[in-house]
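Residues in the sequence shown are numbered from 29 upward in steps of one, following the working numbering.
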Amino acid sequence: MSQSARPPVRPLNPNFSSGPCAKRPGWSVECLSDAPFGRSHRAKIGKAKLQEVITRSTEMLGLPKGWRLGIVPASDTGAVEMALWSLLGARGVDMFAWETFGDTWVADVTKQLKLDDLRVFTAPYGHLPDLTQADFDRDVVFTWNGTTAGVRVPGGDWIADDRKGLTICDATSAVFAMDLPWHKLDVVTWSWQKVLGGEGAHGMLVLSPRAVERLESYMPPWPLPKIFRLTSGGKLIEGIFVGDTINTPSMLAVEDQIDALRWAESIGGLPALVARCDANLAAIQSWLDSSDWAVNLAADPALRSTTSVCLTLKHACFTRLSAEDRAAFAKKMVSLLEREGVGYDLGSYRDAPAGLRIWAGATVELADIQALLPWLDWAFAQVQADFSNS
């Protein structure tokens, strides 16, 4: 079939946003009918719902005994900032960044906390810094999966088991999609609106026993806002980890997360979620391997994200353009796909190289990925013709 002909098959669900992500297959608003609307989150029913999110998540992820999981304000960003502001400063810090959000954490530690003993290791989009430079006598901060770059760390072998510092990991587009070595991670954060397709506003925070020990023995020299405080009187606020949230949560969003967790359990739990993501990436990469115009931004197969798959364009009609025109080319492709109703929110992140980004997380059906790919060829052909004639 010519790339200029509209493909005959359309994705049943055209939502490929990297956050908020596609709802789980079969979702409808009726799934939220059991939410305790109009009730206090501190009432018995509210706390039970919050505890259910914690319990189901803990069991599905297989958190080690002694690791605590809590619900915190302000999505993954709030969870990361809470960890950075509450834990850093006791030791030197090594930070690794290779995409937008990692750069954000570096900026916060550099410009807001203003730590003196700080080392920063960076890499351009599509690559990783040299992780062997990490000194685990120090605290080490990194993202597991770079949502805006499509690059993930290649497992946890690089993390020392006998570390003296803490490992602080932003894993928002990795949790429920990738196997994480929890015993190597002291702080892990994520948000509901990523892999399980929940609603936003709430973050999840995992603390290892070593992280708890740090919290109870170290007081940072800077003031902590109330929503960042994890201790009271030198002791961990245990309520955060049993459903007694710091601020008022949305019981609608809580119900939605419970529904997503129940769906995940029904299809086989974490192994099934990981397998769905792996299959989605495999379909995209197979298409890329035969494409004459698109390529995975992550050149190393071992580093490719299975959730946020970032593409750049390799065709000469694109590479010879100015940076401004490259952005316009990619934006026009995205607009065409949206106009056809076959793919929404497919543009690369605003700070990333011009291209496309396909969310391939666990709530995305493989059939929808397969139906989307010919439409990408079609959109490229249309825009290529337009730019050739201009």
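Ideal placement from N, C-alpha and C gives every residue a C-beta, glycine not left out.
Since we're looking at a predicted model, the values are computed, not measured.
- Please confirm if the stretch 301-317 is in contact with the stretch 331-350, defined as three or more CB-CB distances below 8 angstroms between the two stretches. yes
- Residues that DSSP places opposite TYR375 in a beta bridge: A quick correction: the sequence has Gly, not Tyr, at residue 375. Its beta-bridge partners are LEU384.
- Just the Cα atoms here: how many angstroms apart are PHE346 and ALA111? 42 angstroms
- Task: Per DSSP, which residues does PRO92 bridge with? Please list them.
- Result: DSSP output for PRO92 lists no bridge partner at all.
- For the putative contact between ALA311 and LEU394, defined by C-beta atoms under 8 angstroms, what is the C-beta separation to the nearest angstrom? 6 angstroms
- CA nearest to the CA of ASN43, picked from ALA407, VAL392 and GLN398: VAL392
- Task: Sort ALA125, ALA118, ASP131 and PRO152 by Cα distance to LEU143 and report the nearest one.
- Result: ALA118
- Have a look at GLY369 and TRP403 and give me their C-alpha separation to the nearest angstrom. 10 angstroms
- Please look up how many angstroms separate the CB atoms of PHE479 and GLY130, rounded, as I've assumed it's under 8 angstroms. Because the chain here runs from 29 to 418, residue 479 falls outside it and cannot be looked at.
- Message: Rounded to whole angstroms, what is the Cα-Cα separation between TYR377 and ARG385?
- Response: 8 angstroms
- Item | Buried versus exposed call for MET232 [16 or more other C-beta atoms within 10 Å across all chains shown] | It counts as buried.
- Grab me the residues of ALA407's own chain with a C-beta within less than 7 angstroms of its C-beta, minus the 5 sequence neighbours each way, in chain order. MET361, LEU364 and LEU365
- C-alpha distance - ASP373 paired with THR160, whole-angstrom precision: Roughly 36 angstroms separates the two Cα atoms.
- Where ARG250 sits in the DSSP three-state scheme: The question names Arg, yet the displayed sequence has Trp at residue 250. Looking at TRP250 - three-state DSSP - the assignment turns out to be coil, as it is neither helix nor strand.
- Query: Considering only the beta carbon of each residue, do THR195 and VAL168 sit closer than 8 angstroms?
  - Reply: yes
- Query: If you drop the 5 nearest sequence neighbours on each side, which residues of the same chain put their C-beta closer than 7 angstroms to that of GLY74?
  - Reply: PRO64, ARG67, SER68 and MET279
- Task: Using the Cα positions of SER201 and THR175, report the straight-line distance between them to the nearest angstrom.
- Result: 6 angstroms
- Item | Among PRO157, LYS254, PHE357 and VAL81, the one whose alpha carbon lies nearest that of ASP414 | PHE357
- Query: Since ASP122 sits in a beta bridge, which residues does DSSP pair it with?
  - Reply: Note: ASP122 sits in a beta bridge opposite ARG147 and VAL168.
- Closest Cα partner of TYR153 within the set ALA125, ASP136, TRP133 and ARG166: ALA125
- Item | Stretch pair the stretch 235-248 + the stretch 256-268: three plus CB contacts closer than 8 angstroms | Contact between the stretch 235-248 and the stretch 256-268 is present, because at least three Cβ pairs lie under 8 angstroms.
- Item | Nearest-angstrom Cα separation, counted from ALA177 out to ALA355 | 16 angstroms
- Task: Would you mind giving the Cβ-Cβ distance between LEU289 and LEU224, rounded to the nearest angstrom? I have them listed as a contact below 8 angstroms.
- Result: 7 angstroms
- Task: Answer yes or no: do VAL179 and LEU213 have a C-beta to C-beta separation smaller than 8 angstroms?
- Result: no
- Message: With DSSP as the reference, identify every bridge partner of ARG332, one or two as the case may be.
- Response: VAL179
- Own chain partners of ARG84 with C-beta closer than 8 angstroms, once the 5 adjacent residues on each side are dropped: Contacts found: ILE286, LEU289, ARG290 and GLU293.
- Message: Check this for me: beta carbons of TRP210 and TRP95, under 8 angstroms apart or not?
- Response: In this structure, TRP210 sits near TRP95, with a CB-CB distance shorter than 8 angstroms.
- Message: Buried or exposed, going by whether 16 or more other CB atoms sit within 10 Å of the CB of GLY90?
- Response: exposed
- Message: On the DSSP letters alone, give me the boundaries of the alpha helix (DSSP H) that GLY106 sits inside.
- Response: 103-115
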